[in-house]
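Residue numbers (the numbering used here): 3 to 192.
Cβ coordinates follow ideal geometry from the N, Cα and C atoms, glycine included.
Being a predicted model, the structure only gives us computed values, none of them experimental.
Before any comments, here is the structure.
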Amino acid sequence: DSGASIRSLLRASQLFHDICAPLKYHCLSLTTASSIEHLHQELKHLENSPAHLRRILHLYISLSQSDIQGDTECDTISHIFYILQCAAETLKTLTFIYHNTVFSTSVLGQLLRRSFPVLTELTIHGFYPFPKMNKSFMPMLERLHLSGNRNPYGLLQLSSLDECFPSLSHLRISGLLMAGSFVEELKGAL
């Protein structure tokens, strides 16, 4: 659900509140700038509280072109990366959808350079850059879904996915269009 159930249980009684408080942030969906701002403020407020009260396991972030505009976009992106920083140690699944074609490469590149030690599943939609080979920031990543780059030619050659994601077992690439060169690269990799 939208979180209404957990919020209702948190208000039912002190006993229910104490039982449910550690579950409040386990599974989150952020689809508007206002929901991102709200969570950012809540996490700032909880900075000095015990870690189990702000544990995030599953996070879905989707920002449309119309939702973020001009001056507020930098703040929204800054808030997203603060949320990701807070979630990094416990985050298991992350979906990040970013439709801004002007900034998506730099924003998604910044995402790929973040350390997520227990992340097992990552979905990225937007014009993504290729991961850099220098360090494994996501050592437990098993499933990677990339979408938004119509012809990711060079992904399998230049960026050595084995080094970036040593536990990777499933790679899904979607949204391809006129990607003949990538098809040839894929044939060569198999």
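{"Query": "Member of Y62, E165, A89, T107 whose CA lies at the smallest distance from the CA of F98", "Result": "Y62"}
{"Query": "Contact test: H81 Cβ vs the ligand NAP heavy atom, cutoff 6 Å", "Result": "With respect to the ligand NAP, the structure shown offers nothing to examine, as it has no ligands at all."}
{"Query": "Sequence-distant residues of the same chain with beta carbon closer than 8 Å to K134, five excluded per side", "Result": "L114, R115, S161, C166"}
{"Query": "Whether T103 touches F83 by CB criterion (7 Å)", "Result": "no"}
{"Query": "Beta-carbon proximity of T92 to L59, cut-off 7 Å", "Result": "yes"}
{"Query": "Chain-order list of residues whose beta-carbon lies under 7 Å from that of M180 (same chain, five-residue window excluded)", "Result": "R152, N153"}
{"Query": "Span separating the alpha-carbon of L188 from that of E123", "Result": "22 Å"}
{"Query": "Nearest-angstrom Cα separation, counted from G190 out to I224", "Result": "Residue coverage of the chain in this structure runs from 3 to 192, which leaves residue 224 outside it and unanswerable."}
{"Query": "Per DSSP, cross-strand counterpart(s) of L178", "Result": "Partner(s): none; L178 has no beta bridge."}
{"Query": "Separation of H47 from L173, as counted between CA atoms", "Result": "38 Å"}
{"Query": "Where the beta strand (DSSP E) containing L41 begins and where it ends", "Result": "That residue, L41, is in no beta strand (DSSP E); its alpha helix (DSSP H) goes 35-47."}
{"Query": "T122, DSSP secondary structure in three states", "Result": "coil"}
{"Query": "Option nearest H127 by Cα separation, candidates L17, R13, Y100", "Result": "Y100"}
{"Query": "C-alpha gap between Q16 and L41, whole angstroms", "Result": "23 Å"}
{"Query": "Buried or exposed by the 16-neighbour rule on C-beta atoms within 10 Å, applied to S106", "Result": "buried"}
{"Query": "Beta-carbon spacing of L143, L170 below 7 Å", "Result": "yes"}
{"Query": "Rounded straight-line distance, which links the Cα of S176 to that of R57", "Result": "31 Å"}
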